[in-house]
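Peer 1:
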Amino acid sequence: MNAATFTTNPHRIARLQQNYDAGAQREKIPAEQREQMDRQLLTLSPECLSQLFAKVAALQKTAGKSSVA
Numbered sequence: 001m002n003a004a005t006f007t008t009n010p011h012r013i014a015r016l017q018q019n020y021d022a023g024a025q026r027e028k029i030p031a032e033q034r035e036q037m038d039r040q041l042l043t044l045s046p047e048c049l050s051q052l053f054a055k056v057a058a059l060q061k062t063a064g065k066s067s068v069a
């Protein structure tokens, strides 16, 4: 990883390095296996998806009320 130029916070720099290292490790995994892992992690049941949409709608309704007031 190149030296961070937009922050001097050592905790933030350490976290950036961890993210970079995790990404570098992920790139070592064959693409087909990475895609399979992604499908397993990102699978939602229809019920879960409905709940997510309901939560977003409620948040949007709340945000709309606060911006009008």
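Taken in order, the sequence shown gives residues 1 to 69; the numbers are from full-length UniProt numbering.
Even glycine gets a Cβ: it sits at the ideal position worked out from N, Cα and C.
Less than 8 Å between the beta carbons of Ala4 and Leu16, yes or no?
Peer 2: yes
Peer 1: Report the CB separation of Arg26 from Arg34 in whole angstroms; it is logged as a contact under 8 Å.
Peer 2: 7 Å
Peer 1: Below 7 Å CB to CB, which residues in the same chain sit around Ala69 once its five sequence neighbours on both sides are set aside?
Peer 2: With a pLDDT of only 43 at Ala69, under the threshold of 50, the placement of this residue in the model should not be trusted, and no figure is reported.
Peer 1: At which residues does the alpha helix (DSSP H) containing residue 70 begin and terminate?
Peer 2: Any question about residue 70 goes unanswered here, given that the chain covers just 1 to 69.
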